[in-house]
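**Student:**
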Amino acid sequence: MRVVFQDRRQTGRLDLQATEMGLRSALHRAGAAARSQLLQFPAPTEEGRHVACSCGQQAHYHQLRSKSLLTVVGPVKVSRPYYWCPDCHTGQFPVDVELDIAHKEFSPGVERMQAIVGLEAPFDHGREQLQVLAGLEVTAKAVERTAEAIGGEIAQREQADIQKALQLDLPVVAGEPIPILYVQMDGTGIPVVKKETVGRQGQTEGQPAHTRGAKLGCVFTQATCDQQGSPIRDPHSTTYTGAIETAQEFGRRLYREAGQRGGSRAQKKVVMGDGALRPCAARR
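Numbers given in our numbering equal positions in the sequence shown, counted from 1, plus 1.
#1: Measuring alpha carbon to alpha carbon, tell me which of 59, 249 and 136 ends up nearest residue 72.
#2: Taking Cβ to Cβ, would you say residue 197 is nearer than 9 Å to residue 143?
#3: Drop a sphere of 10 angstroms on the beta-carbon of residue 273, count the other beta-carbons inside from all chains shown, and report buried for 16 or more, exposed for fewer.
#4: Between residue 205 and the rest of its own chain, which residues show a CB-CB distance below 8 Å, the 5 nearest in sequence each way excluded?
#5: What is the DSSP secondary structure of residue 271, reduced to helix, strand or coil?
#6: CB-CB under 6 Å to residue 241, same chain, minus the five flanking residues each way: which ones, in chain order?
#7: Alpha carbon to alpha carbon, how far is residue 257 from residue 166?
#8: Ends of the beta strand (DSSP E) at residue 70?
#9: What is the DSSP secondary structure of residue 105, reduced to helix, strand or coil?
#10: Please say whether residue 80 and residue 69 have beta carbons closer to each other than 9 Å?
#11: For a minimum of 4 consecutive residues, which ranges assigned as the alpha helix (DSSP H) are wholly contained in the segment 144-171?
#12: How would you write the range of the alpha helix (DSSP H) that residue 251 sits in, first residue to last?
#13: Closer than 8 Å is the cut-off here; do at least three beta carbon pairs connect the segment 114-132 with the segment 82-99?
#14: Helix, strand or coil: which one does DSSP assign to residue 122?
#15: For residue 77, I'd like the list of residues in its chain whose CB is within less than 7 Å of its CB, leaving aside the five on either flank, ordered along the chain.
#16: Using the DSSP secondary-structure output, state which residues sit across from residue 215 in a beta bridge.
#17: Ends of the alpha helix (DSSP H) at residue 29?
#18: Would you kindly work out how many angstroms separate the C-alpha atoms of residue 133 and residue 162, rounded to a whole number?
#19: How about residue 121: is its C-beta nearer than 9 Å to some C-beta of chain D?
#20: Pull up the CB-CB distance for residue 147 and residue 116, whole angstroms please, since I reckon it's below 8 Å.
#21: Can you check whether the CB of residue 262 is closer than 9 Å to the CB of residue 222?
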C-alpha cells in the first residue's frame, strides 16, 4: 500500500485496482494473524488430559501440535492438543473434529468456495476464480478433490433420505392441499472417461458403451389455468434432481423428491416421461 501512495505522489495518478488489491491483501494478512491467535489452543487441564478412544479405551494427552490451514483470509497456523491411545496406538485431535478440519488443509469456508467454483466451471478456471475474487492460492487439483469430497457427502445424505422415503419414514410436509403435482423425467447419454464404462454394454450389441445414462427429473405444481384453460405452472415451484444411475435407482430418487415437495398433500399426481423402450439404456 505504501508503494501505491508513493506512486500517486510521484505521478499524480492513482491506480484504483492496485489500491483495492493492496488493501484487500493487507486486510487478509491482518485477519489471518488474528485468526491464528484464536486458533492457538492451550494444553488441557488435568481434567481434560484423557478422552475416549474409538477402541473403547482412553487416549492420553501427548503434546500440542500445529498444522497449516488455508482460511478465507489466508493461511494460518492451528495449534491444538494431540491425544495418543496406548492400547490401539492411534492418535486424535478432538479440536479438528469440532472445527470440521480433521484431515483437511482448508477451512470450511474455503471448502465451500471451492465446491461452488468447482461446480460451475472447469477446475482450473475455478482456481483462477478463487485467486482473482478471493485472493486465495489453490491448485486445480485441490478444487477437484474438494468438490468431489463434498459431492460424495451430499450423495450419502441423499441415499439416507431415499431409504427413509422408501420406508415411509420421511416427515410429513405440512401445508395447504396441492391441486396438481407434476413429476417429469428424462434421460440422455453423456460422454465419460473410459474407466466409467468398463464392463458396460453399449447400445450396439457387442460394442462397449461410450456414454453413461444421465437421468434428470423435476417436480412442480399447478393451481391455475389461463383464459384458454391451459394449465399454468406455479411460479418458482420447480425443483430438480439428477444423477448418473440406473432407472430403478433414479425412480427412488424422484420418489423422494416428490415426497419432500408435499406429494402426500397432492389431490392429483401427474407423471410424465417419454416412455421410450431402450433396454440397453435401462441397464446403464
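Glycine included, C-beta positions come from ideal geometry on N, C-alpha and C.
**Tutor:** Judging by the given coordinates:
#1: On the sequence shown, position 71 is the one that residue 72 refers to. Selected option, being the one with the closest Cα: 136.
#2: To locate residue 197, count along the sequence shown from 1; it is residue 196. To locate residue 143, count along the sequence shown from 1; it is residue 142. For residue 197 and residue 143, no; Cβs fall outside 9 Å.
#3: Counted from its first residue, the sequence shown places residue 273 at position 272. Looking at its Cβ environment, which holds fewer than 16 other Cβ atoms inside 10 Å, residue 273 is exposed.
#4: As a first step, residue 205 is located in the sequence shown; it is residue number 204 there, counting from the start. Around residue 205: no qualifying Cβ.
#5: Mapped onto the sequence shown, residue 271 falls at position 270. The answer is strand: DSSP assigns residue 271 an E or B state.
#6: Along the sequence shown, one-based indexing puts residue 241 at 240. So the qualifying residues of the chain are 219.
#7: Position 256 of the sequence shown, counted from the start, is the residue given in the question as residue 257. Position 165 of the sequence shown, counted from the start, is the residue given in the question as residue 166. Near 6 Å, if we compare the C-alpha coordinates of residue 166 and residue 257.
#8: Numbered from its first residue, the sequence shown carries residue 70 at position 69. Segment 59-72, the beta strand (DSSP E) holding residue 70.
#9: One-based indexing of the sequence shown puts residue 105 at position 104. Three-state DSSP puts residue 105 in coil, outside helix and strand.
#10: Translated into positions along the sequence shown, residue 69 becomes position 68. Translated into positions along the sequence shown, residue 80 becomes position 79. The answer is no: Cβ separation not under 9 Å.
#11: none
#12: In the sequence shown, residue 251 corresponds to position 250, counting from 1. 248-261 is the extent of the alpha helix (DSSP H) around residue 251.
#13: no
#14: One-based indexing of the sequence shown puts residue 122 at position 121. Looking at residue 122 - three-state DSSP - the assignment turns out to be coil, as it is neither helix nor strand.
#15: Numbered from its first residue, the sequence shown carries residue 77 at position 76. Within the same chain, residue 77 has close Cβ partners 33, 36, 37, 40 and 70.
#16: Locating residue 215 in the sequence shown gives position 214, where the first residue counts as 1. BP columns for residue 215 point to 189 and 245.
#17: Along the sequence shown, one-based indexing puts residue 29 at 28. 17-39 is the extent of the alpha helix (DSSP H) around residue 29.
#18: As a position in the sequence shown, residue 133 is number 132, starting the count at 1. As a position in the sequence shown, residue 162 is number 161, starting the count at 1. Answer to the nearest angstrom: the Cα atoms are 38 Å apart.
#19: No chain D appears in this structure, which consists of one protein chain only.
#20: Residue numbering aside, residue 147 sits at position 146 when the sequence shown is read from its first letter. Residue numbering aside, residue 116 sits at position 115 when the sequence shown is read from its first letter. With a Cβ gap of about 6 Å, residue 147 and residue 116 count as contacting.
#21: The count along the sequence shown starts at 1 and reaches residue 222 at position 221. The count along the sequence shown starts at 1 and reaches residue 262 at position 261. A contact, by the Cβ cut-off of 9 Å.
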